[in-house]
Amino acid sequence: MKIQDNIGKITWSFLDKFIVVIYGVITLIQMRHLDPIEFGYFASILVLVNYILTLSDSFALQGLIQFAGNKADIKKINLISLILHLLIMIFLPIIIVIIQISISKYNGNNYLDNFIYYLPIMTLASLPRAFTLKLLVRDLRFKDFFFVNFIFFFAQSLFFFYHIYKYNNFNADKMIHFYIYSSILSSIFSLLITSNSLKFSKEGTMSWREYIKFATPMTLTSFFHSIPKFLDLFILGITLNPQIAKIVIGTYSSAKTLFRISEQAVEASYGLLYPTTIRNLAKNNNEGIISLFTKAVSFIFVLFLGSFLVMEMGLTELIFKYLPIKYAPAVGQFNLMLVAVLFMPFGLVSILITASGKPKLTFYIVAVSSIASLITFFITGIMQKSELIPLGIIVYYAIFGGLSFYYFKRNYGFPISRLFRAFADTKNFITNRFK
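Taking this note's numbering, the leading residue of the sequence shown gets 1, the next gets one more, and so forth.
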């Protein structure tokens, strides 16, 4: 994959993730008006929403990409995907609400009782947006993808600044409301621009069994992959002393909000790499595959290494000085969490494992990584070592990246010298672009 041949897709994908960075700055402003406990409430509900979206993406939506080459069956593939998406997005939130209410009655822990009822509404508002975004990725419409997300984040920002200007107060309840309104607006826009792709039919050779057979290991993989990303807050709620759990969840959530920027950068790479990998595999283009992934890993690694050094040299402290003193414990948590970014680029090659028809192998790698991460979270929680909580995230990405990279190196080769090819490639790109 030559960068100059894909500069448009890369640019729009970069801009899409850049708005996440911008919204991260706005989140810092929101946190300035929020007590850590209030922010923890919103973060806890949001991770549940994202958890459901992730499961639906893997079980219902990923097939839209995997079977995109089957042009004759596109309408039936759309139908199967949509029905599965509806079932997950409607019924799973209701099940989670029932479970939360039952747990609350059993042990008296009513941490989320005042907010859990928002969960079905938030997922329902996000339902059309999630489906149409996958269609846009399938059709390589990264420009439209950007504008759907831009409306989502811009609307939340607008609602927030207007509310602060008029009322000069803010809380978790308002954050949730603004999320719902913004999801509805971006969903309406996404439906309008994908109207030509929203075609469905019962006719076709694609079977439900084939679709679900592909989706099941992907879903199991996502379930485990979600543990360090989304379920760590609830592990903390179980293991930490109830008297400190609320404040720790709030400060830890603020650190994870900044860390999410790194995860977004990797997810942007997934969106670009997966369709390209599918096409290279179909052509048996091993040379193209090696070039694609050595470039991807190198560019992300160099970027993350530079960011890591800058943050560790004092930028983290400058950022958190902007927030109320109650967020101070997040500085150490975030700096420790940043160690994980050095391993994240190597996990990109897991895309190749899945795309080449080995989702079970991806599942085993993710399962081992997640179980190790889960054990780490429980140990740090039981020890009441809140400053060491990010170790769970580091353990996950270190094992996941290491095992994925080992597979690629063993089957395709990856000389260590290519880890820094980003410098030479950038130089060549600039030379060819401006000569």
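C-beta: ideal position from N, C-alpha, C; glycine also.
Closest Cα partner of residue i within the set the options
{"i": "phenylalanine 59", "options": "Lys75, Leu84 and Arg421", "result": "Leu84"}
{"i": "leucine 135", "options": "Ser197, Ala340, Phe91 and Val395", "result": "Ser197"}
{"i": "isoleucine 94", "options": "Pro120, Thr205 and Gln384", "result": "Pro120"}
{"i": "serine 187", "options": "Asn171, Phe170, Ala155 and Ile45", "result": "Ala155"}
{"i": "serine 291", "options": "Met206, Asn169, Tyr364 and Val349", "result": "Val349"}
{"i": "tyrosine 51", "options": "Asp232, Thr376, Ile300 and Glu387", "result": "Asp232"}
{"i": "leucine 15", "options": "Ala265, Ala340 and Tyr364", "result": "Ala265"}
{"i": "proline 217", "options": "Gly63, Lys229 and Val331", "result": "Gly63"}
{"i": "histidine 33", "options": "Ile65, Thr380 and Ile164", "result": "Ile164"}
{"i": "threonine 316", "options": "Ile300, Lys256 and Tyr211", "result": "Lys256"}
{"i": "leucine 336", "options": "Leu388, Leu46 and Asn286", "result": "Leu388"}
{"i": "leucine 236", "options": "Tyr211, Gly392, Asn70 and Phe414", "result": "Gly392"}
{"i": "arginine 421", "options": "Ser404, Ile300 and Tyr322", "result": "Ile300"}
{"i": "isoleucine 238", "options": "Phe378, Asn286 and Phe405", "result": "Phe378"}
{"i": "phenylalanine 304", "options": "Asn285, Lys321, Ile261 and Phe320", "result": "Ile261"}
{"i": "serine 254", "options": "Lys17, Pro36, Lys321 and Met175", "result": "Pro36"}
Same chain, Cβ closer than 7 Å to residue i, five either side skipped, listed in chain order
{"i": "isoleucine 227", "result": "Ser370, Ser373 and Leu374"}
{"i": "alanine 355", "result": "Tyr274, Thr277, Ile278 and Leu281"}
{"i": "phenylalanine 150", "result": "Ile19"}
{"i": "glutamate 38", "result": "Asn171 and Ala172"}
{"i": "valine 366", "result": "Thr221, Phe224, His225 and Phe400"}
{"i": "leucine 48", "result": "Ile96 and Leu119"}
Three-state class that DSSP yields for residue i in the structure shown
{"i": "leucine 323", "result": "coil"}
{"i": "serine 195", "result": "coil"}
{"i": "glutamine 384", "result": "coil"}
{"i": "glutamate 203", "result": "coil"}
{"i": "alanine 328", "result": "coil"}
{"i": "proline 390", "result": "coil"}
{"i": "phenylalanine 18", "result": "helix"}
{"i": "alanine 398", "result": "helix"}
{"i": "aspartate 139", "result": "coil"}
{"i": "lysine 283", "result": "coil"}
{"i": "tyrosine 412", "result": "coil"}
{"i": "asparagine 50", "result": "helix"}
{"i": "phenylalanine 170", "result": "coil"}
{"i": "tyrosine 211", "result": "helix"}
{"i": "glycine 357", "result": "coil"}
{"i": "asparagine 114", "result": "coil"}
{"i": "phenylalanine 343", "result": "coil"}
{"i": "alanine 68", "result": "coil"}
Cβ neighbours of residue i in the same chain (closer than 8 Å, five flanking residues each side left out)
{"i": "serine 157", "result": "Tyr23 and Ile26"}
{"i": "threonine 219", "result": "Leu55, Ser58 and Phe59"}
{"i": "glutamate 312", "result": "Asn335 and Leu338"}
{"i": "serine 183", "result": "Met122, Ala125, Ser126, Arg129 and Phe152"}
{"i": "lysine 202", "result": "Lys76 and Leu79"}
Cβ neighbour criterion (16 or more within 10 Å) applied to residue i
{"i": "asparagine 114", "result": "exposed"}
{"i": "valine 297", "result": "buried"}
{"i": "tryptophan 208", "result": "exposed"}
{"i": "alanine 398", "result": "buried"}
{"i": "phenylalanine 161", "result": "exposed"}
{"i": "isoleucine 77", "result": "buried"}
{"i": "methionine 383", "result": "exposed"}
{"i": "methionine 1", "result": "Caution is warranted here: a pLDDT of 46 is assigned to methionine 1, below 50, making its placement in the model unreliable, and the coordinate value is therefore given only provisionally. Under this definition methionine 1 is a buried residue."}
{"i": "glycine 306", "result": "exposed"}
{"i": "methionine 122", "result": "buried"}
{"i": "arginine 141", "result": "buried"}
{"i": "phenylalanine 346", "result": "buried"}
{"i": "phenylalanine 343", "result": "buried"}
{"i": "threonine 294", "result": "buried"}
{"i": "alanine 215", "result": "buried"}
{"i": "threonine 11", "result": "exposed"}
{"i": "valine 21", "result": "exposed"}
{"i": "lysine 229", "result": "buried"}
{"i": "glycine 250", "result": "buried"}
C-alpha distance - residue i paired with residue j, whole-angstrom precision
{"i": "leucine 338", "j": "phenylalanine 234", "result": "21 Å"}
{"i": "isoleucine 325", "j": "isoleucine 96", "result": "34 Å"}
{"i": "tyrosine 167", "j": "histidine 177", "result": "15 Å"}
{"i": "glutamate 263", "j": "serine 102", "result": "33 Å"}
{"i": "leucine 352", "j": "threonine 362", "result": "9 Å"}
{"i": "leucine 309", "j": "threonine 205", "result": "53 Å"}
{"i": "lysine 358", "j": "glycine 314", "result": "42 Å"}
{"i": "lysine 143", "j": "threonine 132", "result": "13 Å"}
{"i": "glutamate 267", "j": "phenylalanine 259", "result": "13 Å"}
{"i": "phenylalanine 152", "j": "arginine 410", "result": "42 Å"}
{"i": "tyrosine 412", "j": "glycine 402", "result": "15 Å"}
{"i": "arginine 138", "j": "alanine 328", "result": "43 Å"}
{"i": "phenylalanine 159", "j": "lysine 174", "result": "9 Å"}
{"i": "phenylalanine 189", "j": "glycine 332", "result": "41 Å"}
{"i": "threonine 194", "j": "glutamate 210", "result": "26 Å"}
Residues near residue i in its chain [Cβ-Cβ closer than 6 Å; skip 5 each side]
{"i": "leucine 127", "result": "Met89"}
{"i": "valine 395", "result": "Ala372, Ser373 and Thr376"}
{"i": "serine 386", "result": "Val248"}
is_contact[residue i, chain D] using C-beta, thresh 8 Å
{"i": "glutamine 384", "result": "As a matter of chain content, chain D is missing from the structure shown, which is built from one protein chain."}
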